[in-house]
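Please read the structure below before turning to the comments.
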Amino acid sequence: MSEAPAAPPAASADPLRGDGIDLLLRPPEPRAGWRLLPARVVAMCAVELQKLRHDRTELYTRAVQPALWLLIFGQTFTRLRAIPSDGVPYIDYLAPGIIAQSAMFIAIFYGIQIIWERDAGILNKLLVTPTPRAALITGKAFAAGVKSLVQAVVVILIAAVLGVALTWNPLKLLGVAAAVVLGSVFFSCLSMTIAGIVLNRDRLMGFGQAITMPLFFGSNALYPLSVMPGWLQAVSKANPLSYQVDALRGLLLGTPHHLALDFAVLLVAAALGIAAASSLLGRLAR
1 MSEAPAAPPA ASADPLRGDG IDLLLRPPEP RAGWRLLPAR VVAMCAVELQ KLRHDRTELY
61 TRAVQPALWL LIFGQTFTRL RAIPSDGVPY IDYLAPGIIA QSAMFIAIFY GIQIIWERDA
121 GILNKLLVTP TPRAALITGK AFAAGVKSLV QAVVVILIAA VLGVALTWNP LKLLGVAAAV
181 VLGSVFFSCL SMTIAGIVLN RDRLMGFGQA ITMPLFFGSN ALYPLSVMPG WLQAVSKANP
241 LSYQVDALRG LLLGTPHHLA LDFAVLLVAA ALGIAAASSL LGRLAR
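Residue 76 in this note's numbering sits at position 76 of the sequence shown, and the numbers go up by one each step.
This is the structure in C-alpha cells:
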C-alpha cells in the first residue's frame with residue numbers, strides 16, 4: 001500500500017506578515033547621537049524665523065543703533081578724516097564693523113533664553129531626549145546665527161541707502177553670511193557658557209553688558225590695528241570679533257584681508273564655544 005502523500009505546508013494565518021509588515025508592527029529605531037544634529041539645527045533655526053515672522057518689533061528696534069552709528073559716527077569721521085581707513089571712505093570702512101557689532105549684540109545675550117527655558121522646565125525635557133547636548137547647543141547657536149543674519153541684512157540695506165560701496169557678488173555675500181553665522185555661533189556659545197556658570201538672568205545681563213563694549217572697542221571694528229597701542233593690538237589679535245570684521249571688510253569692500261586665517265579662527269572659536277557650552281549645560285539644568 002502506497003504511503004499517503006505528505007500534507008502540504010500549512011498556510012500562514014496572516015499572509016501579510018513578512019519583512020514588509022514588520023516595519024509597520026515594529027517602529028524604526030529613533031535616531032540618536034550626531035545623526036540628530038542636522039534636524040536639531042534646522043528645528044531651532046525654524047523656531048527663530050517663526051518668532052521674527054510673528055513679531056518684528058525687535059528687528060526694527062535693533063536697527064536703530066547701527067543706523068545711528070553709520071549716520072552720526074560714520075559720516076562725521078568721514079568728514080574729519082582722522083582715522084586711516086585703507087583708502088576707502090570711513091563710513092565704508094565702518095559698515096562691516098557695525099554689521100559684526102549688531103550680530104554680536106544679538107548673540108551675546110542668547111544665554112538669557114536658555115535660562116528662561118530652564119526656569120520654564122523646557123530644558124529638562126530636552127535633556128531627557130536622545131539628543132546629545134552638543135547637538136542641542138549647536139542648534140541653539142545656529143539659531144542665533146540665523147537671527148543675526150537677518151539683522152545683518154537690515155544693516156547692509158541701511159548702508160546701501162547711505163551710499164556705502166558694498167559688493168553684490170553672490171559668492172562674496174555667501175561668505176559674508178558664513179562669517180556672520182560663525183561669529184554669532186561663538187558669541188552665543190560664550191553667552192550660554194556664562195549662563196552655565198552664573199545660573200541667573202540678572203547676573204548674565206551684568207556679565208553681558210560688561211564684556212560687549214570691551215569686545216567691540218578691543219577689535220578693529222572702528223579703527224585699524226596700526227593706530228592702537230601695543231597692548232590693545234594684542235587684545236585685538238585674540239578677539240574673534242577682529243577676524244570676523246576683517247573677513248567682512250575683505251568680502252564687502254575688497255580691502256586687504258586674510259580670509260583663510262579669518263575663517264579658520266572663526267571655525268575654531270565656534271567649535272570651542274560649542275564644547276564649553278555643552279559641558280556646562282547639565283549644570284544649568286540642575
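Glycine included, every Cβ here is placed at the ideal spot set by N, Cα and C.
Cβ neighbour criterion (16 or more within 10 Å) applied to residue i
i: LYS125; result: exposed
i: ALA103; result: buried
i: TYR243; result: buried
i: MET192; result: buried
i: GLY206; result: exposed
i: GLN101; result: buried
i: GLY273; result: buried
i: ARG118; result: buried
Reduced DSSP category for residue i - H, G, I as helix; E, B as strand; rest coil
i: ALA143; result: helix
i: TRP168; result: coil
i: GLY230; result: helix
i: HIS54; result: helix
i: TYR93; result: helix
i: PHE109; result: coil
i: LEU199; result: coil
i: ILE99; result: helix
i: ALA46; result: helix
i: ARG358; result: Limits of the chain in this structure are 1 at one end and 286 at the other, which puts residue 358 out of reach.
i: SER214; result: Per the sequence shown, the amino acid found at residue 214 is Pro instead of Ser. It is helical.
Residue span of the alpha helix (DSSP H) that contains residue i, given as start and end
i: PRO66; result: 57 to 68
i: GLY273; result: 259 to 285
i: PRO240; result: 240 to 253
i: ASN124; result: 122 to 127
Integer-rounded CB distance, given that residue j should sit under 8 angstroms from residue i
i: LEU232; j: GLY218; result: 6 angstroms
i: VAL185; j: GLY145; result: 5 angstroms
i: ARG62; j: ILE106; result: 7 angstroms
i: LEU166; j: LEU252; result: 5 angstroms
Decide yes or no for the touch test of the segment 37 to 47 against the segment 137 to 154: beta carbon pairs closer than 8 angstroms, at least 3 of them. By the criterion of at least three beta-carbon pairs nearer than 8 angstroms, the segment 37 to 47 is in contact with the segment 137 to 154.
Kindly confirm or deny that the segment 161 to 169 and the segment 85 to 93 touch, where touching means at least three C-beta pairs closer than 8 angstroms. The segment 161 to 169, when compared against the segment 85 to 93, does touch it at the 8 angstroms Cβ threshold.
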